[in-house]
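Start counting the sequence shown at 1; every next residue gets the next number (the numbering used here).
Note sheet for the following structure.
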Amino acid sequence: MRNQLSLRAALRPVRVIRHDLSMLRQARTAGAYRPMVRLTHCACGTLVLFLVAAAPAWAQTSTWTNTGSGNWTTPGNWDTGTIPSATVGADIENGGTALVTSSGQTVDLLQVGEAGTGSLVIQNGGTLTQASGAAFTLIGTGSLTINGHGSTYTTPNDLILGRGTGTNAITVENGGQLYTGNAFIGEGTSSVSTDISATVTGAGSYWNAGEFIGVGGGPNAATLTISDGATVTAQSTVAIESIGSGATGIATVTGPGSQLLLPGTALAVGEYINGGEGNGTLTISNGGLVSAQTVTLGEFDAGTTGVLNLDGTSSARGVLVTTSLAKDLGSGTVNFNGGILRAGAASSNFISGFSAGNLVVDTGGLYLDTNGFDVTITDGLSGSGGLTKIGNGTLVLNSENPMTGNSEVSAGTLEVGDSSNSNAVLGGNLSVDQAAVLLGYGTIAGNLINNGTVIPGGAPGTIASLSVGGNYKQASTATLSIEVSPMSASQLKVNGSATLHGVLAITYDPGTYTATQYTIVSAANGVTGKFSSTTSTLSGGANLGTLQSSVTYGANNANLVLANASTTTTAPVVVAPNDTSIYAALGTAAVMNAQGTTAALLDRSGSNPASPGAPAGWIRAMGEQTNVGGSNGEPGVQANQYGFLAGLEQRLGDYTLGVAGGYTHTNLDEQVTGDSGVTDTLRAALYASRWLGPVGVSGTLGYGLDFLSQKRPFAGVGTAAGDHMGQEFATGAQASLPLTLGSVVLTPRVGLRYAYFHATGFGESGAAAQDLAVSTDNVHSLQPYAELTLDKAFGDALKPVNVQLRVGYAREVLNAGRAVSVASQDGTLFTAPGTSLPRGYLTTGISIGMQPVKDLAVSLGYDTLINTTHASAQAGTVRADYRF
Numbered sequence: 001m002r003n004q005l006s007l008r009a010a011l012r013p014v015r016v017i018r019h020d021l022s023m024l025r026q027a028r029t030a031g032a033y034r035p036m037v038r039l040t041h042c043a044c045g046t047l048v049l050f051l052v053a054a055a056p057a058w059a060q061t062s063t064w065t066n067t068g069s070g071n072w073t074t075p076g077n078w079d080t081g082t083i084p085s086a087t088v089g090a091d092i093e094n095g096g097t098a099l100v101t102s103s104g105q106t107v108d109l110l111q112v113g114e115a116g117t118g119s120l121v122i123q124n125g126g127t128l129t130q131a132s133g134a135a136f137t138l139i140g141t142g143s144l145t146i147n148g149h150g151s152t153y154t155t156p157n158d159l160i161l162g163r164g165t166g167t168n169a170i171t172v173e174n175g176g177q178l179y180t181g182n183a184f185i186g187e188g189t190s191s192v193s194t195d196i197s198a199t200v201t202g203a204g205s206y207w208n209a210g211e212f213i214g215v216g217g218g219p220n221a222a223t224l225t226i227s228d229g230a231t232v233t234a235q236s237t238v239a240i241e242s243i244g245s246g247a248t249g250i251a252t253v254t255g256p257g258s259q260l261l262l263p264g265t266a267l268a269v270g271e272y273i274n275g276g277e278g279n280g281t282l283t284i285s286n287g288g289l290v291s292a293q294t295v296t297l298g299e300f301d302a303g304t305t306g307v308l309n310l311d312g313t314s315s316a317r318g319v320l321v322t323t324s325l326a327k328d329l330g331s332g333t334v335n336f337n338g339g340i341l342r343a344g345a346a347s348s349n350f351i352s353g354f355s356a357g358n359l360v361v362d363t364g365g366l367y368l369d370t371n372g373f374d375v376t377i378t379d380g381l382s383g384s385g386g387l388t389k390i391g392n393g394t395l396v397l398n399s400e401n402p403m404t405g406n407s408e409v410s411a412g413t414l415e416v417g418d419s420s421n422s423n424a425v426l427g428g429n430l431s432v433d434q435a436a437v438l439l440g441y442g443t444i445a446g447n448l449i450n451n452g453t454v455i456p457g458g459a460p461g462t463i464a465s466l467s468v469g470g471n472y473k474q475a476s477t478a479t480l481s482i483e484v485s486p487m488s489a490s491q492l493k494v495n496g497s498a499t500l501h502g503v504l505a506i507t508y509d510p511g512t513y514t515a516t517q518y519t520i521v522s523a524a525n526g527v528t529g530k531f532s533s534t535t536s537t538l539s540g541g542a543n544l545g546t547l548q549s550s551v552t553y554g555a556n557n558a559n560l561v562l563a564n565a566s567t568t569t570t571a572p573v574v575v576a577p578n579d580t581s582i583y584a585a586l587g588t589a590a591v592m593n594a595q596g597t598t599a600a601l602l603d604r605s606g607s608n609p610a611s612p613g614a615p616a617g618w619i620r621a622m623g624e625q626t627n628v629g630g631s632n633g634e635p636g637v638q639a640n641q642y643g644f645l646a647g648l649e650q651r652l653g654d655y656t657l658g659v660a661g662g663y664t665h666t667n668l669d670e671q672v673t674g675d676s677g678v679t680d681t682l683r684a685a686l687y688a689s690r691w692l693g694p695v696g697v698s699g700t701l702g703y704g705l706d707f708l709s710q711k712r713p714f715a716g717v718g719t720a721a722g723d724h725m726g727q728e729f730a731t732g733a734q735a736s737l738p739l740t741l742g743s744v745v746l747t748p749r750v751g752l753r754y755a756y757f758h759a760t761g762f763g764e765s766g767a768a769a770q771d772l773a774v775s776t777d778n779v780h781s782l783q784p785y786a787e788l789t790l791d792k793a794f795g796d797a798l799k800p801v802n803v804q805l806r807v808g809y810a811r812e813v814l815n816a817g818r819a820v821s822v823a824s825q826d827g828t829l830f831t832a833p834g835t836s837l838p839r840g841y842l843t844t845g846i847s848i849g850m851q852p853v854k855d856l857a858v859s860l861g862y863d864t865l866i867n868t869t870h871a872s873a874q875a876g877t878v879r880a881d882y883r884f
């Protein structure tokens, strides 16, 4: 595999290409560049192809002749007597130094020390810009120095460093600025010197390297140093690599304010490239910062090697900001010694792919900043140091971490082992600070000092145990939080001794409780002290009624005891679940939507008879917002809905028959609890109408298939969520009598609408003991209604404008109460009530229709439901009718 791309690499998209410069001088002599192609890899895991096509012949090249130092703008320093320009290249290779001290200088191709030696210095605010049509810039045996604020070198093309036998160096210092295309520090020939370096140093010094920076790529070492407040940035990839035995690419970012910034891009340390295996080392220390979308060590091939050193002290820590730190097919080692690893996004696999022993936490420790995100590490941390968890958000350790140093939860939440990884271990001792939280299913190998909050289990709402290999000590201001269900309780298991103080916080989950006892703390070497206070939280604002709670202490345990208040009172106590009204709200919204669809079909069939023998098609798009206010102590709900209904109809004798279908999406949000639901509905319907003299009669029969989901969030616990199915059956009948009164048509309508909704039962997940089993939901709605419309046409008969005003009233006559049955984890059944169905529906509306062509009519409508019985709505519609 050393002479070809690995299969994995070969299957990745094409991404980076390097130039082969071995024919550069021949190309210049011949008056044209030779077309060349080279394929390579980059840290983002893809390939890019750069093609150097044949370029037009140079107009002229000026070669530097001054063997000492001289000014760029002095014609006598050039063999042609011509100062380089956008059409005149520059070749400095006689050991001399060219000084650019004035602004506005330009150059075509630039070579410094390609065949000999040479130096270019830009200083005192001097600026040099390479023409966009020129080829790459080459720094061979020699150097490019950009010194001082305002001093700038700009090239839109690739910059190549490392072609020659002596020192190859770029230095940007004291506020100098360098702007390049792709940059290659070490280009890959056997003649390259061991001294290949790029240094960006000093406050305000800046290098924007376009898409790609490669550090290495040759048989010898190459280095990139960013120090003392300087900044380097690239838009695509930085690869720290090299080819050849014992060679490596080395990058160092050190000093407060020093930055390597890769916004939205990748960083590779050790990379397989051009058929060879690369070695790379990145060191971040002393306040330096590296920010990259992803960081990968040992990329593409088993022979590659990557090393990351993240160092620092309390006064200045190195910082790495990324969304992912991973090892690929090669080998990779990370040495944490006082630096900060900061999460750039939430991740379930924040550090991955490393072998045991390759994530080394040295005595300086690892400072892991979750930065407000939730991240999970599945690889183990080892070494003599400890972990300090900083920043808001949750860090989950889901493996064995055989560290021996002292760890600390300074801020946010540390979870040692989730529900699927109870074998997770955090080595050494751990302290939890006052504002921090520790939870988990795993084990703290050493001592645990609690100055904040400790929660055995994955989160509040779970029943589980957390183990401590050493001793447990709880401060007077600290809290031990225990979850209790009718069947069991969470527990802190201590292998040493337990010293208790502070608060015991008990949360009772829904269910039926009887007199019982739970062990909440066990300690093999004894329990001393007592909790200074106990708090209780019960779902639904309930209380334990006739049960009294207390904490008892034994030699090796602390127990929560539930006892009857008297010997004559033994009835069980039921603790109801919280926030259950969303279940009924889904059914309420569904049946109201079904009635609204029936109303639209009856309006269609009652006012638009098809012409004899002429089929007609129509479509109606709508958006609606409905608010159903709370009632009977239950919260209200807002429904936002959009969808369409379309149909095809045909006049057959005295009858008009039609078929319709549509789709509706509804988002529900409860106004108090924060619970929510989503319903997607597919609809189909038949409708028919005929005229009996002046009276029109019509009817419809419809069916809807509902895909329903609901969410109930619980702070600090999770979100109880469930998906299920529903069905709607709807029918209706209507009679109308159009009356022509001068230039207007007045049409009274009366009718009856019926809808039935049935939802299947389902079980929730996501909130542990707060999850409920929800039974079926059945809703019936019967609404007699009356409506009056007023229609008037304006304009000529060929293209009339029709205006319709309407007002109507419907009344719900069946049971408006709403409730669904649910069961808690222990099987206790509860009634989950919801806000009732509205009784009265007073609606008004207006629509304006036009007929742009003979067979097409288009109308816009607006309707509102006036709040008469805790419901209001606004709806907009667009309708198009076409007669074939």
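Backbone N, C-alpha and C define an ideal beta-carbon position, used for all residues, glycine too.
Nothing here was measured: the structure is a model prediction, and the numbers come from that model.
Burial state of residue i (16 or more Cβ within 10 Å)
i, result
"N593", "buried"
"R818", "buried"
"H665", "exposed"
"P84", "buried"
"Y862", "exposed"
"N525", "exposed"
"P456", "buried"
"N447", "buried"
"F794", "exposed"
"A571", "exposed"
"L737", "exposed"
"L892", "The structure shown has nothing for residue 892, since the chain only spans 1 to 884."
"F884", "exposed"
Straight-line gap, residue i to residue j (C-alpha atoms, nearest Å)
i, j, result
"T46", "I377", "Annotation note: pLDDT 38 at T46 (below 50); position unreliable, coordinate value reported separately. Distance between the alpha carbons of T46 and I377: 25 Å."
"G761", "D723", "9 Å"
"A445", "G405", "11 Å"
"V484", "I506", "7 Å"
"G68", "S143", "14 Å"
"T535", "L504", "6 Å"
"Y785", "N392", "56 Å"
"T231", "L325", "22 Å"
"Q259", "A873", "55 Å"
"N71", "L99", "5 Å"
"L439", "L414", "6 Å"
Sub-9 Å separation of residue i and residue j beta-carbons
i, j, result
"N815", "H758", "no"
"T902", "G385", "The chain is shown only over 1 to 884; residue 902 falls outside these bounds and no answer can be derived."
"Q434", "N451", "yes"
"G175", "A209", "no"
"T835", "P635", "yes"
"S431", "V409", "yes"
"D91", "T127", "no"
"Y663", "L692", "no"
"Q734", "D706", "no"
"T313", "A343", "no"
DSSP state of residue i mapped onto helix, strand, coil
i, result
"A768", "helix"
"G176", "coil"
"P852", "strand"
"L368", "strand"
"Q825", "coil"
"Q26", "Residue confidence for Q26 is low, a pLDDT of 37 falling below 50, so the modelled location carries little weight; the figure read from the coordinates is stated next. It is helical."
"T901", "Residue numbering for the chain in the displayed model covers 1 to 884; residue 901 lies beyond these limits and cannot be assessed."
Proximity to residue i [Cα-Cα], best of the options
i, options, result
"V269", "I250, Q474 and S285", "I250"
"N182", "L159, A198, I196 and N168", "L159"
"G298", "G312, D328, V319 and V321", "D328"
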